[in-house]
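The structure appears right after this line, and notes come after that.
Protein chains: 2
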Amino acid sequence: MADKVQLQEAIKTQGEVVRKLKSEKASKEQIDEEVARLLQLKAQLGGDEGKHVFVLKTAKGTRDYNPKQMAIREKVFNIIISCFKRHGAETIDTPVFELKETLTGKYGEDSKLIYDLKDQGGELLSLRYDLTVPFARYLAMNKITNIKRYHIAKVYRRDNPAMTRGRYREFYQCDFDIAGQYDAMIPDAECLKIVYEILNELDLGDFRIKVNDRRILDGLFAVCGVPDEKFRTICSTVDKLDKMAWEDVKKEMVNEKGLSADVADRIGEYVSMQGGQDLAERLLQDPRLSQSKQACAGLTDMKLLFSYLELFQVTDKVVFDLSLARGLDYYTGVIYEAILSQTIQAPVSMPAEQNGADEAGVSVGSVAGGGRYDGLVGMFDPKGRKVPCVGVSIGIERIFSIMEQKAEASSEKVCTTETQVLVASAQKNLLEERLRLTNELWNAGIKAEVLYKKNPKLLSQLQHCEETGIPLVAILGEQELKDGVVKLRNVARREEVDVPRVDLVDEIKKRTLLS
Amino acid sequence: MADKVQLQEAIKTQGEVVRKLKSEKASKEQIDEEVARLLQLKAQLGGDEGKHVFVLKTAKGTRDYNPKQMAIREKVFNIIISCFKRHGAETIDTPVFELKETLTGKYGEDSKLIYDLKDQGGELLSLRYDLTVPFARYLAMNKITNIKRYHIAKVYRRDNPAMTRGRYREFYQCDFDIAGQYDAMIPDAECLKIVYEILNELDLGDFRIKVNDRRILDGLFAVCGVPDEKFRTICSTVDKLDKMAWEDVKKEMVNEKGLSADVADRIGEYVSMQGGQDLAERLLQDPRLSQSKQACAGLTDMKLLFSYLELFQVTDKVVFDLSLARGLDYYTGVIYEAILSQTIQAPVSMPAEQNGADEAGVSVGSVAGGGRYDGLVGMFDPKGRKVPCVGVSIGIERIFSIMEQKAEASSEKVCTTETQVLVASAQKNLLEERLRLTNELWNAGIKAEVLYKKNPKLLSQLQHCEETGIPLVAILGEQELKDGVVKLRNVARREEVDVPRVDLVDEIKKRTLLS
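Going line by line, the protein sequences match chains D and X.
Numbered by full-length UniProt numbering, the letters in the first sequence go through residues 1 to 515 in order.
Numbered by full-length UniProt numbering, the letters in the second sequence go through residues 1 to 515 in order.
Take a look at the structure:
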């Protein structure tokens, strides 16, 4: 397809890119990527140059999950999904790609990070960038006005991956959202309760959940004298307060964003405030802030929210924090973010935007975030009909990383199978007997394995159990067959006992229930 | 980016395509797709022409899964995953896209159905076409020589979708594979046992599993006089025997594939044979077939396979069928395919290649298939080191369709949530009391919901339970609060009983265990 001369030109240029990177001692990862492209171009050319050149790797910024990682992933998912189900959520799924237009105009500057599919005729498609926009498209398309759903799936961002810090181009999102016209703050409070429950159950250490409201921020900016068109950009500067000193944030406001020092100082006064219901009450009396209708609406809702959080017994971890701003444009009301208190030395496992890290990628331990977005569904509805939504996204990749590190640090082995028993023999020529017994166990619902060898050594059968964490071995021999028994061995304790064959299933069930 | 004049030209051409399709009364789906492309081109142009034109749809050949479909999907997955785990399998995951080269040269003609990603700089990528090639890449890349793993994930094929017949461009595959150098036919037999268990447990009606061996087919072709270079193409003609009469298959062999009528008739004799272990024994004595070393190796293994299947008690459903050929090139030994006996009127839910349907898409009820592929991993290894593999793919999309239809046909409601109880009130001003009780239930692990209204009517609360299948309602009123009780209502039976609040959790657990 591609013109041969053009291709040869491209190969030459790409060769120079690789040489340059090597001479500059660029990172191995960067060199690998450019070498991969060079080899791909050569392969396109075909002929001798393209033969047998092949890089055995996954695409840049992606990774395989091995069985150990999958076992941890499953454990984390089970805890999270149980919580979602406890709160009565349904689940949906959407395709991995959407019409290009569906994603257009939803992510601001980040749109450049969207993966497009090649135009192979037909529609122009892009890989999903998050789960929220497909959810809004789903609601509008099916005219759904009420739903409580969760969605766990992979999303794609052509971000500059920092794989050493665990930042990937393909990563999981884990979203819970409530759509519908309801009385104020009740679904919002449930979202926070869910974050609280999940972080407690995952046992990641102490945490707190910061809460704010876009209307309070906007009102605050207005009464402090920020011009309307600068609300969003000042918002993102405020968002850096969790990792930058106020002095530096102020500098950015004044020098880069063009606010006067006075205005910045007035903002600074407010955004240093933290508290609970009492703070919301105090600010409702604030002579300046109470001038803003928006701020008052936000503060009144904040009071109400805290009264519900009190009933849900989660106020010990929730802080009303006026410095919380959140990156995304589509939030219209309450916003929140959960942060681990102790900074565990974990690689950052999510894109900066999502974990509240700044452009430099400094992690601040954010593991969940979300808020209210009442306008997004309306962007898809032909008549602009709105469906109010509030939701939360669990920062699952970061949680995986922390759980993986905990597993590494602990002496406990991660089991990648659930096998209860290995059917083994100490003597030769008992393959058929082993298969027969294994079949009996499978039919009784026991998780059983057998080595695929005619005459495996007993030692290698026991080693297989040690390596994979199988707790029991059912050993057959001539004598056992004659006596109608099976020798049941506890691998950890190295104890053996003869069990009548008719009792074997019950005995295995009993023993593996306890272990 | 695109040149404006070119774009205008493209819009004009695309407009004509749409007009032509409409005048030809093409299918709605086909017109929709071309209209979508037209609007996309206009949107690229920007300006007034591109404004507010937006098609609210999923990409061609894809679909959302709604909560009801997800509930069925979860049920099917649970049965299948339990079986895989009972057989000691681990699980892995791989990225949704691979380097383009990883997929190149693995699918023969079907390569044109691969989705490519747009070249946005960096590596050239493609969406995975199946799970087998990424699995082989994973083994080679990580130098793994032994693993028993399952992988359930979506794959992508730019096939001509027939959505009315349930054929999609994004669909699930559900694979179980055993890699490693083992004694003959033991892992192969386990794969068949797994198919048997899964189809039994899914309760899809009677089925049978056809088994054959590529070596037997090749040997058979050789002794019948088929030239070597025609083995593969004759193989795919033989594969049509399950939906075409022998006469038509013979015609294709003679007229299209250029075999002599004699050779075709000799093939016809063999491929009409069906049986069990006895047939393998008989064919080993066959004067012609026993000339072929390959066929003898295959037949000897077939005998051995049946002896293991006997031990696994599955021979009642397994047939040695010499007409089974399977489409994919990479099989090297045993091949198999499971077929439902009663043709349930279900739409075909998988690509033709996978469900054994012919090009015209006639379904033959195939719900699982697989075989041995000993050469694939070696294609990825720099030194060509082989890792023998055998595996099975469950035709999960077809199974979803059948289960969905069964659910539609039965009077039983598909529950999309697992909620055990709705916390309700009959009187006004009890929101706080409802939230407090709901919180108690959540904390005790009960799946509970509460309506997000200050003062919902009792009737609308009960209706919510009827609609969503919540079995119990915990009703609070002034009197109940005073008496320290909750009125627990059984929604189906419309019976109410006062339960002391301290006993409520246990009572709910007891009642929802039985329901």
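Here a beta-carbon is modelled for each residue, glycine too, at the ideal position from N, C-alpha and C.
- Query: Using a C-beta to C-beta distance shorter than 8 Å, which residues of chain X count as neighbours of M70 of chain D?
  - Reply: Simply E90, T91, I92 and D93.
- Item | Contact belief for V334 of chain X with L305 of chain X at Cβ below 8 Å, rounded distance in angstroms | Yes, they are in contact, since the Cβ atoms of V334 of chain X and L305 of chain X sit about 7 Å apart, within 8 Å.
- Message: Is the beta carbon of Q181 of chain D closer than 9 Å to that of P382 of chain D?
- Response: No; because the gap between Cβ atoms is not below 9 Å, this pair is not in contact.
- Item | C-beta contact flag for Q420 of chain D and I446 of chain D at 9 Å | Result yes, Cβ atoms of Q420 of chain D and I446 of chain D sit closer than 9 Å.
- If we count the other Cβ atoms within 10 Å of its Cβ and call it buried at 16 or more, is R73 of chain X buried or exposed? Buried: at least 16 other Cβ atoms inside 10 Å.
- Looking at D506 of chain D and M70 of chain X, is the spacing between their C-beta atoms short of 9 Å? Annotated as distal: M70 of chain X and D506 of chain D, with beta-carbon spacing of 9 Å or more.
- Check whether the Cβ of T104 of chain X lies closer than 9 Å to any Cβ atom in chain D. With 9 Å as the cut-off, T104 of chain X counts as an interface residue toward chain D.
- Message: Suppose the cutoff is 8 Å on Cβ atoms and the five residues either side in sequence are ignored; what does the same chain contact list for G477 of chain X look like?
- Response: S425, A426, Q427, L430 and K487, listed in sequence order.
- Task: Note the first and the last residue of the continuous alpha helix (DSSP H) segment covering E9 of chain D.
- Result: Looking at the DSSP string, the run of the alpha helix (DSSP H) that includes E9 of chain D is K4 to S23.
- Message: Is there a Cβ of chain X sitting closer than 9 Å to that of K118 of chain D, yes or no?
- Response: It does; some Cβ of chain X falls within 9 Å.
- Query: Are the beta-carbon atoms of L322 of chain X and T315 of chain X separated by less than 9 Å?
  - Reply: With respect to T315 of chain X, L322 of chain X sits apart: the two C-beta atoms are not nearer than 9 Å.
- Query: What is the DSSP secondary structure of P134 of chain D, counted as helix, strand or coil?
  - Reply: If DSSP states are grouped into helix, strand and coil, P134 of chain D belongs with the helices.
- Query: Exposed or buried, S126 of chain D, counting other C-beta atoms within 10 Å across all chains shown (16 or more means buried)?
  - Reply: Burial call: buried.
- Message: Am I right that E123 of chain X and R37 of chain D are in contact with their C-beta atoms under 8 Å? What's the rounded C-beta distance?
- Response: Yes, E123 of chain X and R37 of chain D are in contact; Cβ-Cβ is about 6 Å, under 8 Å.
- Item | Test: G395 of chain X CB closer than 9 Å to a CB of chain D | Closer than 9 Å to the CB of G395 of chain X there is not a single CB belonging to chain D.
- Message: Cβ closer than 7 Å: which chain X residues qualify as neighbours of I186 of chain D?
- Response: Residues of chain X with a Cβ closer than 7 Å to the Cβ of I186 of chain D are, in chain order, Y452.
- Query: Exposed or buried, which one is Q6 of chain X when buried takes at least 16 other CB atoms within 10 Å?
  - Reply: Q6 of chain X is exposed by the Cβ-count criterion.
- Is the stretch 278-295 of chain X in contact with the stretch 207-219 of chain X, if contact means three or more CB pairs nearer than 8 Å? The stretch 278-295 of chain X, when compared against the stretch 207-219 of chain X, does touch it at the 8 Å Cβ threshold.
- Proximity to G484 of chain X [Cα-Cα], best of X:N490, X:A492 and X:I475: Minimum Cα distance to G484 of chain X is reached at X:I475.
- Query: Do you know whose CA, among X:L481, X:R494, X:A59 and X:Q173, lies nearest V502 of chain X's CA?
  - Reply: Closest option to V502 of chain X, Cα to Cα, is X:L481.
- Of the residues D:E495, D:Q294, D:I394 and D:L99, which one's Cα is nearest the Cα of A222 of chain D? Here the closest residue by C-alpha is D:Q294.
- L435 of chain D: first and last residue of the uninterrupted alpha helix (DSSP H) it sits in: Element bounds for L435 of chain D: L431 to N443.
- Message: Please list, in chain order, the chain X residues whose beta carbon lies closer than 8 Å to that of Q277 of chain D.
- Response: Within chain X, no residue comes near Q277 of chain D; the closest Cβ sits about 15 Å away, beyond 8 Å.
- Task: State the Cα-Cα distance for the pair V226 of chain X and L259 of chain X, rounded to the nearest angstrom.
- Result: Taking the straight line joining both Cα atoms gives about 7 Å.
- Query: With a CB to CB cut of under 7 Å and the five nearest residues on each side skipped, what residues in its chain are close to W442 of chain X?
  - Reply: Taking C-beta separations shorter than 7 Å and ignoring five residues to either side along the sequence, the partners of W442 of chain X in its chain run A448, following chain order.
- Short CB-CB distance (under 9 Å) between P67 of chain D and chain X: So, interface residue.
- Classify T416 of chain X as buried or exposed, calling it buried when 16 or more other Cβ atoms lie within 10 Å of its own Cβ. The residue in question, T416 of chain X, is buried, as its Cβ has 16 or more Cβ neighbours within 10 Å.
- Message: For chain X, check one thing: does any of its Cβ atoms lie closer than 9 Å to the Cβ of A179 of chain D?
- Response: By this cut-off, A179 of chain D is not an interface position.
- Closest Cα partner of T98 of chain X within the set D:E9, D:E170 and D:T104: Note on identity: in this sequence residue 98 of chain X is Glu, with Thr being the wrong assignment. Its Cα nearest to that of E98 of chain X, the residue D:E170 stands out among D:E9, D:E170 and D:T104.
- Message: Does chain X have any CB closer than 9 Å to the CB of S27 of chain D?
- Response: Chain X contact via Cβ: absent.
- Message: Given a cut-off of 9 Å on the beta-carbon distance, is the pair L192 of chain X and I209 of chain X in contact?
- Response: It is a contact, given that the beta carbons lie within the stated cut-off.
- Message: Would the stretch 52-68 of chain X count as touching the stretch 138-145 of chain D if we require 3 or more Cβ pairs under 8 Å?
- Response: The stretch 52-68 of chain X, when compared against the stretch 138-145 of chain D, does touch it at the 8 Å Cβ threshold.
- Task: Taking only beta-carbon positions, decide if T416 of chain X is within less than 9 Å of chain D.
- Result: Between T416 of chain X and chain D, the shortest Cβ-Cβ separation is below 9 Å.
- 8 Å contact criterion, which G365 of chain D and L340 of chain D should meet: CB distance rounded: So it is a contact: roughly 4 Å between Cβ atoms.
- Item | Length of the line joining the Cα atoms of N490 of chain D and V497 of chain D | Going by the C-alpha atoms only, they are around 9 Å apart.
- Item | Contacting positions in the stretch 20-44 of chain X - beta carbon closer than 9 Å to chain D | The residues in question are E33, E34, A36, R37, L39, Q40, L41, A43 and Q44.
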